[in-house]
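Number of protein chains: 2
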Amino acid sequence: MKEINVGLIGWGTVGTGVARILLNQDKYIREHERLSIRLCKIADLDITTPRGIDIDKNILTTDVNDVINNPEIDIVVELIGGLKPASDFIFSALKAGKHVVTANKAVLAAHGKNLFKTAKENKVLIKFEASVGGCIPIINSLLEGMAANNISAIYGIVNGTCNYILTQMTQRGIDFSEALKEAQKKGYAEAKPDYDIKGIDAANKIVILTSLAYETEINLDDIYIEGVTDITQHDIQYAREFGYQIKLLAIAKLLEGNKIQVRVHPTMLPEDTMLANVDGVFNAIYVLGNAAGATMFYGRGAGQMPAASAVVGDIVEIAKCKIAGTDPQLLPLPTLDNTRYSLKPMDECETRYYIRLQALDKPGVLAKVSGILGDHNISIASVIQKERGVEKSVPIVMMTHEAVEGNVREALQEISNLSVITEKTMMIRVESMEGDEEKLAIV
Amino acid sequence: MKEINVGLIGWGTVGTGVARILLNQDKYIREHERLSIRLCKIADLDITTPRGIDIDKNILTTDVNDVINNPEIDIVVELIGGLKPASDFIFSALKAGKHVVTANKAVLAAHGKNLFKTAKENKVLIKFEASVGGCIPIINSLLEGMAANNISAIYGIVNGTCNYILTQMTQRGIDFSEALKEAQKKGYAEAKPDYDIKGIDAANKIVILTSLAYETEINLDDIYIEGVTDITQHDIQYAREFGYQIKLLAIAKLLEGNKIQVRVHPTMLPEDTMLANVDGVFNAIYVLGNAAGATMFYGRGAGQMPAASAVVGDIVEIAKCKIAGTDPQLLPLPTLDNTRYSLKPMDECETRYYIRLQALDKPGVLAKVSGILGDHNISIASVIQKERGVEKSVPIVMMTHEAVEGNVREALQEISNLSVITEKTMMIRVESMEGDEEKLAIV
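So the sequence lines, in the order shown, correspond to chains A and B. Letter 219 of the first sequence, counting from 1, is numbered 219 in the numbering used here, and no numbers are missing. Letter 139 of the second sequence, counting from 1, is numbered 1139 in the numbering used here, and no numbers are missing.
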């Protein structure tokens, strides 16, 4: 039986999961894949804290070079996360002729093009299934199964923290801050949660998916990113009244004129769509291809074992290629040097909008507001205005027809200057998704 | 640019779709995959009926040997369907040293073991993503991404015809026969619909998935198959009252003692599960792995372009391997020679049951029925017995706790012999799916 030697950089949660699978599933992998994967080095700054698994102490090291420059090692697995020094380790490993498996979304999103180029130059493979959607095989599917398709849209629920928070707000009527605290207590959110709740994590992931789907280098700084921190229980309730659920979506769309639009923001989705039913920490990625139509992939987007499962899947794939004598240089890796597509600015985005205003309960307010919207070519599809209560100010909630983002922003700016407006206005984009499949050109 | 030559056997719906993608997406595939796929032969008994695409007449032939024994051809694509003569063509192609792509579930289910063996002996690849779930990449995922997982269960909605019929019955309150007629009118059901509505199609597909997940040869004749023909509007309504939806599920489970259970039957699913929300002609496959947890794949399970998309995905994969010099003989193909697992007989199946009796409205009927159930170790979880109407006989609807299939059958046989029972008794199995993930052993 052929043996493949693996070195691990980063012995944290996922690293421990990978080690656990490689140890405990060794017999299974030998039987099913007819190959043996040997974990022969683990590098971490902390090699003394017990991880609850039985690792031979001789394979532990605090020097990353014991992995990267180890002539025995075939595959380097990078699991320390974050941009630096992870990117240095990955580039060094590729240049040392090692295949690389990583779960590092930040490095992939920032250096994808250069990584693929370096891998190709050094005749090695780089795989990164765990970087998006945990155990969901979305990377492989985009690179392989959808080869026959022009991808017309990707809609992803790719951040479990945000989805958990929004699900709790929706199902139990609690506020954002309470839901966040609960997520932190359960280990679904970090003590410093900004990376997740402000949408940065989701943005990194959609950059990776978009760059693969369109073979185009996408810059994180060029895409629109909005997190879930401003969502209130009011919005959750009104969404329900309109028949919608609020999800943090990462969206990429191919539009006319070879433009692609990439954006991350809270989104109202019709409650009967598949994505609207993805709850809790689960992730799902909905892909529209011109031949395949609508496809959706659902699963655990994070967590020790789901991420480790994807990492080991990548290791097995590389091991198979190595054993079968595949020349990695000859594999058509994505190059991300496509110049055909360009990013469409967010101001030109066209969608429907939910707008919630808080205004003094005076005659003529609705007329004023709708007048300003009309001046900006925004027409109202429906309005909820509740009866006057004891409060002096009342909410006015509107759903618009399709409108242009830039116009909506300008109109909302003007509206917010009205003296009758008493609070910050909320705006949430709406994706109907209906008819998306029908709109696709048949190949 | 490397060129790969493809020969097509079967110029029907999917074959035409494949030809269309290869022609229309040629530029796209060249750009994205950096390879050129040339369709150089199409064999069909009918090469004169127009298919609505622009095919060079010189590549058409009525002689299948022009494809199989054509030295120019690298990949033979079999799309005629059905067991014979398709299996002969596939075996001949493999023996002639051609890689094979097929969508043929019948051949895969019947000859999987021998096909993989023949491919390996002849140093070629066989791929069959389109055989299950159309464009859903479930085959690749089981063979690749889930490599690190022991699969503990597969639940599949894998027949679009049945799912369309059940969805229409549920959403519009129409009867089975009306829903079937409508499906036929829309092209979702054949004029002779038995293969689909009796569960044979779904059974073939779960045989394929099970054999891959457990590397074990499974015989179609050994598994329990029940179609959707007996489902009535009553059952749909009662299911809803209990909080369930009825779906035709193809199920494979790994049980204690290395037993696997494979079965196809209408199933009541809690209405808030992801699978219960898969409507219309869509398919979905829910996989539980011990590391990945729950994963679900959703998409169009049939239709010209979705199936063609999967076929072309396979062609591209083989082309990449060929270009990269991969030795197919060295790829660890499944062998299906595992002797570790054996099939658990259906009589030993343990699940919950929905039972609908029609009985004379006399005192003591419920006592009699529940007495018989109790004698067979079946305990009742809830009962719906509606008030007496004008009818002499009334429905008694029960949901049991977990019980053993053999006991349930015996009890229902005894009950049906009671003189108070006026109609055939209906029994539908219930899968709660809740806690499935928690029950899994962590690796």
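We put the CB at the ideal spot given by N, CA and C, even for glycine. For clarity, every value in this text was computed on a predicted model and none was experimentally measured.
1. Apply the 10 Å Cβ neighbour rule to A:Asn417 and answer buried if 16 or more other Cβ atoms are within range, or exposed otherwise.
2. Rounded to a whole number of angstroms, what is the C-alpha to C-alpha distance between A:Glu182 and A:Thr273?
3. Output yes if chain A places a C-beta closer than 8 Å to the C-beta of B:Met1274; else output no.
4. Looking at chain B, which residues of the stretch 202 to 224 of chain A have a Cβ within less than 8 Å of any of its Cβ atoms?
5. I'd like to know whether the C-beta of B:Pro1270 is nearer than 8 Å to at least one C-beta of chain A.
6. Quick check: what's the CA-CA separation for B:Ile1075 versus B:Ala1103?
7. Considering only C-alpha positions, which residue in the set A:Pro363, A:Ile154 and A:Glu256 is nearest to A:Tyr341?
8. Straight-line CA distance for B:Asn1005 to A:Glu217?
9. Taking contact to mean 3 or more Cβ pairs, one atom from each stretch, closer than 8 Å, check whether the stretch 128 to 138 of chain A and the stretch 345 to 364 of chain A are in contact.
10. Any beta-carbon of chain A closer than 8 Å to the one on B:Ile1442?
11. At 7 Å on the CB atoms, spell out the chain B contacts of A:Asn149, in chain order.
12. Taking a cut of 9 Å between CB atoms, which residues from the stretch 34 to 66 of chain A lie near chain B?
13. Would you mind stating whether A:Ala291 and A:Asn163 have Cβ atoms separated by less than 8 Å?
14. Which first and last residues belong to the alpha helix (DSSP H) in which B:Leu1039 is found?
15. What separation, rounded to the nearest whole angstrom, lies between the Cα atoms of B:Ile1053 and B:Gln1025?
16. Where do the ends of the alpha helix (DSSP H) carrying B:Lys1368 lie?
17. For B:Ser1152 versus B:Leu1288, is the C-beta spacing smaller than 8 Å?
18. Within the 8 Å Cβ cut-off, does A:Glu444 reach chain B?
19. Buried or exposed: where does A:Met1 fall if 16 or more other Cβ atoms within 10 Å of its Cβ makes it buried?
20. Between the Cα of A:Lys386 and the Cα atoms of A:His401, A:Glu402, A:Leu366 and A:Leu373, which residue gives the shortest distance?
21. What does the alpha-carbon distance come out to for the pair B:Lys1105 and B:Asn1204?
22. Quick one: what's got a C-beta closer than 6 Å to B:Thr1016's C-beta in the same chain, skipping five residues either side?
23. Give me the Cα-Cα distance between A:Gly371 and A:Lys424, rounded to the nearest whole angstrom.
24. With DSSP collapsed to three states, give me the class of A:Leu418.
25. If you follow the alpha helix (DSSP H) that A:Leu166 is in, where does it begin and where does it stop?
26. Taking the straight line between their C-alpha atoms, what separation do you get for A:Leu142 and A:Thr232?
27. By DSSP, does B:Thr1273 sit in helix, in strand, or in coil?
28. Could you tell me whether any Cβ in chain B is nearer than 8 Å to the Cβ of A:Lys320?
29. Can you name the residues of chain A whose CB is closer than 7 Å to the CB of B:Tyr1028?
30. Determine, for A:Ser449, whether the minimum Cβ-Cβ distance to residues of chain B falls below 8 Å.
31. How big is the Cα-Cα spacing for B:Ile1384 and B:Thr1400?
32. Going by CA-CA distance only, name the one from B:Leu1022, B:His1234 and B:Val1124 that's closest to B:Asp1175.
33. Can you list the alpha helix (DSSP H) stretches of 4 or more residues lying completely in the stretch 1189 to 1255 of chain B, in chain order?
34. Would the stretch 1303 to 1321 of chain B count as touching the stretch 1114 to 1130 of chain B if we require 3 or more Cβ pairs under 8 Å?
35. Apply the 10 Å Cβ neighbour rule to B:Glu1144 and answer buried if 16 or more other Cβ atoms are within range, or exposed otherwise.
36. Answer with buried or exposed for B:Ser1087, where buried requires no fewer than 16 other C-beta atoms within 10 angstroms of its C-beta.
Put simply:
1. Per the 10 Å Cβ criterion, exposed.
2. Going from the Cα of A:Glu182 to the Cα of A:Thr273 covers about 27 Å.
3. Chain A contact via Cβ: present.
4. Flagged, chain order: Glu215.
5. Not closer than 8 Å to any Cβ of chain A, the Cβ of B:Pro1270 fails to qualify, so no.
6. So the two alpha carbons sit approximately 14 Å from each other.
7. Ranking the options by Cα distance to A:Tyr341, first place goes to A:Glu256.
8. If you draw a straight line from the Cα of B:Asn1005 to the Cα of A:Glu217, it comes to about 32 Å.
9. Contact check between the stretch 128 to 138 of chain A and the stretch 345 to 364 of chain A: fewer than three CB pairs, one atom from each, fall below 8 Å, which does not count as touching.
10. The predicted model places B:Ile1442 with a pLDDT of 39, which falls under 50 and marks its position as unreliable; any figure quoted below should be read in that light. By this cut-off, B:Ile1442 is an interface position.
11. At a C-beta separation below 7 Å, A:Asn149 has these neighbours in chain B: Ser1309.
12. Hits within the stretch, in order: Arg34 and Leu35.
13. Judged by their CB atoms, A:Ala291 and A:Asn163 are not nearer to each other than the 8 Å cut-off.
14. Counted as a single uninterrupted DSSP element, the stretch harbouring B:Leu1039 is not any alpha helix (DSSP H) but the beta strand (DSSP E) occupying residues Ser1036 to Ala1043.
15. Spanning the two alpha carbons is a distance of roughly 13 Å.
16. Bounds of the alpha helix (DSSP H) holding B:Lys1368 are Val1365 to Asp1375.
17. Going by beta carbons, B:Ser1152 and B:Leu1288 fall inside the 8 Å limit.
18. Here chain A has residues from 1 to 443 only, and residue 444 of chain A is not among them.
19. By the neighbour-count criterion, in which a residue is buried when 16 or more other Cβ atoms sit within 10 angstroms of its Cβ, A:Met1 is exposed.
20. Ranking A:His401, A:Glu402, A:Leu366 and A:Leu373 by Cα distance to A:Lys386 puts A:Leu366 first.
21. Roughly 6 Å separates the two Cα atoms.
22. Answer for B:Thr1016: Arg1051, listed in chain order.
23. The C-alpha of A:Gly371 lies about 19 Å from the C-alpha of A:Lys424.
24. In the structure shown, A:Leu418 falls within a coil segment according to DSSP collapsed to helix, strand and coil.
25. Taken as a continuous stretch (DSSP letters only), the alpha helix (DSSP H) holding A:Leu166 covers Gly160 to Arg172.
26. So the alpha carbons of these two residues sit roughly 35 Å apart.
27. DSSP places B:Thr1273 in the coil class of the three-state scheme, outside both helix and strand.
28. A:Lys320 counts as touching chain B.
29. For a Cβ distance threshold of 7 Å, residue set Asn150 of chain A lies close to B:Tyr1028, ordered along the chain.
30. Coverage of chain A is limited to positions 1 through 443, which leaves residue 449 of chain A absent and any answer about it impossible.
31. Spanning the two alpha carbons is a distance of roughly 12 Å.
32. Of the listed residues, the one whose Cα sits closest to B:Asp1175 is B:His1234.
33. Those alpha helix (DSSP H) runs which fall completely within the stretch 1189 to 1255 of chain B and span 4+ residues are 1194 to 1197, 1200 to 1214 and 1233 to 1242.
34. Touching, yes.
35. Looking at its Cβ environment, which holds 16 or more other Cβ atoms inside 10 Å, B:Glu1144 is buried.
36. Label assigned to B:Ser1087: buried.
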